[in-house]
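First comes the structure, then the notes that go with it.
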Amino acid sequence: MKNTLKEKIAHDVVEEEIHHVNNPVLEPPMIVKNYLNQVTHYSQNENSFFFHDGSATVEVKVVSNEIIRVRLAPHGSFLADFSYAVANSDQHVAVFKFEEDEQSYRVSTNTVTCLIGKSDFLISFQDRDGEVYTEDHSPMHWEENPDFGGYYVYCSKTNEEHEAFFGLGDKPTHLNLRGKRFTNWNSDTYSFGFGQDPLYRSIPFYIGLKNEKAYGIFFDNTFKTYFDFGAESPEQTSFWSEGGELQYYYIHGPKMIDVVKRYHELTGTNYLPPLWALGYHQCRWSYYPDTKLESLAYEFRSRKIPCDSLYLDIDYMDGYRCFTWNKRYFPDPKGLISKLASEGFKTVVIIDPGIKMDENYWVFKEGKEKNYFCRRGDDYFMEGHVWPGRCQFPDFTNPAVREWWGGLFKELVDDGVAGVWNDMNEPAVFGRGTFPNDVRHNYDGYRGSHRKAHNVYGMQMVRATYEGLKKLFHKKRPFTITRAAYSGTQRYGAVWTGDNVATWEHLRLGALQMQRLSVSGMSFCGTDIGGFSGNPDGELFTRWLQLGVFSPFMRAHSAGDTREREPWSFGEYYENINRKFIELRYKLLPYIYSAFWEQSRYGYPILRPVLMLEQESGNINREEEFAFGDKILVAPILRQGVSTKRVYLPKGRWYDFWNHAPFEGGQEYDVETSLETMPIFVKEGAVMPEAPVMQYSSEKAIEIMHLKVYHTDKKVNSFLYEDHGDTYAYESDVYAEKKFTVSGDQGKLTITQQVDGLFKESYSDYEMVLYGLPFEAKSVRVDGVITQLSTHTDGFPKLVVSKEFKNIIVE
Ligand code: MIG
777 MKNTLKEKIA HDVVEEEIHH VNNPVLEPPM IVKNYLNQVT HYSQNENSFF
827 FHDGSATVEV KVVSNEIIRV RLAPHGSFLA DFSYAVANSD QHVAVFKFEE
877 DEQSYRVSTN TVTCLIGKSD FLISFQDRDG EVYTEDHSPM HWEENPDFGG
927 YYVYCSKTNE EHEAFFGLGD KPTHLNLRGK RFTNWNSDTY SFGFGQDPLY
977 RSIPFYIGLK NEKAYGIFFD NTFKTYFDFG AESPEQTSFW SEGGELQYYY
1027 IHGPKMIDVV KRYHELTGTN YLPPLWALGY HQCRWSYYPD TKLESLAYEF
1077 RSRKIPCDSL YLDIDYMDGY RCFTWNKRYF PDPKGLISKL ASEGFKTVVI
1127 IDPGIKMDEN YWVFKEGKEK NYFCRRGDDY FMEGHVWPGR CQFPDFTNPA
1177 VREWWGGLFK ELVDDGVAGV WNDMNEPAVF GRGTFPNDVR HNYDGYRGSH
1227 RKAHNVYGMQ MVRATYEGLK KLFHKKRPFT ITRAAYSGTQ RYGAVWTGDN
1277 VATWEHLRLG ALQMQRLSVS GMSFCGTDIG GFSGNPDGEL FTRWLQLGVF
1327 SPFMRAHSAG DTREREPWSF GEYYENINRK FIELRYKLLP YIYSAFWEQS
1377 RYGYPILRPV LMLEQESGNI NREEEFAFGD KILVAPILRQ GVSTKRVYLP
1427 KGRWYDFWNH APFEGGQEYD VETSLETMPI FVKEGAVMPE APVMQYSSEK
1477 AIEIMHLKVY HTDKKVNSFL YEDHGDTYAY ESDVYAEKKF TVSGDQGKLT
1527 ITQQVDGLFK ESYSDYEMVL YGLPFEAKSV RVDGVITQLS THTDGFPKLV
1577 VSKEFKNIIV E
């Protein structure tokens, strides 16, 4: 013991001497950009290759057949390999090979090759045929950050003349990002405008489209990041950060949809929501007191307008203290919630990160005792004003804090709350916007200032909420939404686009933002239907609701200083149209739920821009039509006073959803579209499931599943997914995943079915209606047995078959 102490002192003395000897008076250091130099040597460790230039090291890691990760260590040592976004970067057994010639090193899988130039350290990615998808414009570079330590890190790629760029989350602008520059820094942006940047979310992932071939770049860096898609110089696309590591994933296509799917393989998919979360939700800031909620519930049911969920905004709390009730407005929360539940309404409550500094408030006391609140650089608490007054803020990047936070929902869950809405988690602070940079965070043990943790703060909050609810619910699936997000947040919550405005421009923005979020890995998204601030007229509200039917998350919401905003608030004429469209949402629920399954299980996006269906340069600027799931194409009406809309249908045959008339795609059509309707098309060969209209998603068991079958002379698969709707039994195979294959010719239609899983549906038969038959059906054989055709009420041929059928032939 004594010895070691002596040694230590001796050591310190030595250090001190060295320190003095080596501490000449220095001029303030010059800030210079350092570029990678010539490669001097390389080494390999399993599927990672390390290239050195004498000082810096670059790691090229084969993550999967289609994904390669690049990291830069300016002075040779990498930062800890930890990511909030990437669930697992070693998930696949990757096959790869390594080659070297005069000019370059080549790391290849069977689909992609990463080339590292020996003399210039330029990195490029090619497909098997040697076609270059993206290449460095200059070698990766960095700049010392004397104030905070670490480096500003930069990467720049060469733009092809017509290259286009997509993704990046919620940027409120046109789908193609070419010519623009963006910042990622989660911000509370009330009444944001077209082109405003940044907004609430940071999704540092983009898709490039070059010569009609797509690839993705995911820059997994939580600091403030920047993307420049040829704004500063048309020849380059650059991305850089104020700190952290230059670390990005190259994701191969060549199809956009596969890039998105592979991005989901890295960052996870949306959790499978409970079915009720896909119904219509009614929200407002705020519905109170309890009698207001009761009368809302009564209005919905007596007017026969379907609705699954009612929301409580901040006024349900006692002085905006999280996890409390305002007992004057809500004397019996449990009674109210169970009454609403008995009428089929789920209750969702808001929660904010700011915890009121009040010594008599248990949440504050507990958080303080456990040392769970964020602190400044000099150890002061991070304090700021939000709705409750002066607040402190839990450090959600600390796993112990997340665990604690998750448990705080116990009473709300006991009261019957079914979902939680996470607001203000950019984090928002009145006056100054957000936390100052010197606030310290645990960052799951890896430590960091707010510069590093800011963009994941909201993600870790909704993660804590989601994981907590999941535990408290035991066997039921929770529902959560969040305003702030970072890549990967889809694993923990849905998102809404924040405080939009009741204008036609914002309706258009909503359609753009949702498509963008969907291709950026956040499929479960929606806008405040009607616009948060301002007052829509009946027409705008109805058109917005129509877009809402085709929004993965469908919720009307409005600010407190606006006029009433329920589906009946604009008079009977609008109410009837609104009812019809909300009913449509409920008819489509089996289809929508199946699309969510496809997202959650396989990583397919729910909204798909036309370009994703038909990857041709001519479609780059099409942003007013999009696919909802893989069988429906919609063209929401986004302008006032419109009665016809020009709609482009991708190649192949489509059917008008309303009257089943066939249309040949590959061209534009002028579609009549009064306020009572909107352009909706169904893809040929589709088997579209339809549920009976219900007042809420679980009102009654389906007695017979309605299937609309559309003729094709190709071969087309459709999927129908069913399960309990709100449990985790599907994880033990208690689900039904049905694959229908439709094929046909001018005189024939064949439908086959294959079923996977153990779920037993409530019904035993399908009622099938056949659309678009180019012949008059005379005979039908179901698994070889001649079966009767009849006529559906709409005049088209119909048959009733057992849900067990395997093969149907119509001639
Ligand atoms: O400072 O809770 O975006 O949806 O109604 C405003 C009140 C706080 C902002 C959210 C909005 C919500 C509102 N919140």
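The numbering used here numbers the first residue of the sequence shown as 777 and each following residue consecutively.
Virtual Cβ for every residue (Gly too), placed ideally from N, Cα, C.
- For residue 1143, the uninterrupted alpha helix (DSSP H) run begins and ends at 1138-1145, by DSSP.
- The alpha-carbon of residue 1005 is positioned some 14 Å away from that of residue 973.
- Residue 1545 is a Cβ neighbour of residue 1572, given a cutoff of 7 Å.
- Residue 1245: not part of any beta strand (DSSP E); member of the alpha helix (DSSP H) spanning 1226-1249, first to last residue.
- Residue state for residue 1552 is assigned as coil, using DSSP reduced to three classes.
- Beta-bridge pairing by DSSP links residue 890 to 883, 901.
- Under the 10 Å beta carbon count, residue 1230 is surrounded by 16 or more other beta carbons and is classified as buried.
- The Cβ atoms of residue 1052 and residue 1089 lie no closer than 7 Å to each other.
- Rounded to the nearest angstrom, the gap between the Cα atoms of residue 1475 and residue 1503 is 17 Å.
- Annotation: residue 848 is outside any alpha helix (DSSP H); the continuous beta strand (DSSP E) that includes it extends over 843-849.
- Taking 8 Å as the upper bound for CB-CB distance, residue 992 and residue 1039 are in contact here, some 6 Å apart.
- Distances taken from the Cβ of residue 1090 to the heavy atoms of ligand 1 include one shorter than 6 Å.
- Contact annotation: residue 1258 and residue 1234 have beta-carbon atoms nearer than 7 Å.
- The alpha-carbon separation between residue 1418 and residue 1453 amounts to approximately 11 Å.
- Note on residue 1226: 16 or more other CB atoms within 10 angstroms of its CB, so buried under the neighbour-count rule.
- CA-to-CA, the gap between residue 863 and residue 1047 works out to about 14 Å.
- In this structure, the beta-carbon distance from residue 1379 to residue 1045 falls below 7 Å.
- For residue 870 against residue 821, the beta-carbon gap comes to about 14 Å, at or over 8 Å, which does not count as contact.
- No residue range can be given for residue 1501, since it is assigned to no alpha helix (DSSP H) and is classified by DSSP as neither H nor E.
- Counting the other Cβ atoms within 10 Å of the Cβ of residue 1434 gives fewer than 16, which makes it exposed.
- The DSSP assignment places complete alpha helix (DSSP H) segments of no fewer than 4 residues inside the segment 1047-1101 at 1066-1079, in order along the chain.
- Residue state for residue 1209 is assigned as strand, using DSSP reduced to three classes.
- Distance from the CA atom of residue 1372 to the CA atom of residue 1172, rounded to whole angstroms, is 28 Å.
- Between residue 1025 and residue 994, the gap from beta carbon to beta carbon is short of 7 Å.
- In the three-state scheme derived from DSSP, where H, G and I count as helix and E and B as strand, residue 953 is classed as coil.
- Taking a contact to require three or more Cβ pairs closer than 8 Å, the segment 949-969 and the segment 1006-1026 qualify as touching.
- Of 1055, 854, 986, 1382, the smallest CA-CA separation from residue 1363 is found for 1055.
- Under the three-state reduction of DSSP output, residue 1035 falls in the helix class.
- For residue 1014, the beta-bridge partners assigned by DSSP are 932, 1004.
- Counting C-beta pairs with one atom in each stretch, the segment 970-986 and the segment 1322-1337 have fewer than three that are closer than 8 Å, which means they do not touch.
- Taken atom to atom, the span from the alpha-carbon of residue 1492 to that of residue 1485 is near 11 Å.
- Take residue 1506, set aside five residues on each side of it, and the residues of its chain with a beta-carbon closer than 6 Å to its own are 1499, in chain order.
- Across the set 1519, 1510, 1559, 1556, the C-alpha of 1510 shows the shortest separation from the C-alpha of residue 1537.
- When the beta-carbon positions are compared, residue 1457 and residue 1409 come within less than 7 Å of each other.
- Sorting 1441, 1552, 1530, 1577 by C-alpha distance to the C-alpha of residue 1562 places 1577 at the top.
- CA-to-CA, the gap between residue 1302 and residue 1294 works out to about 10 Å.
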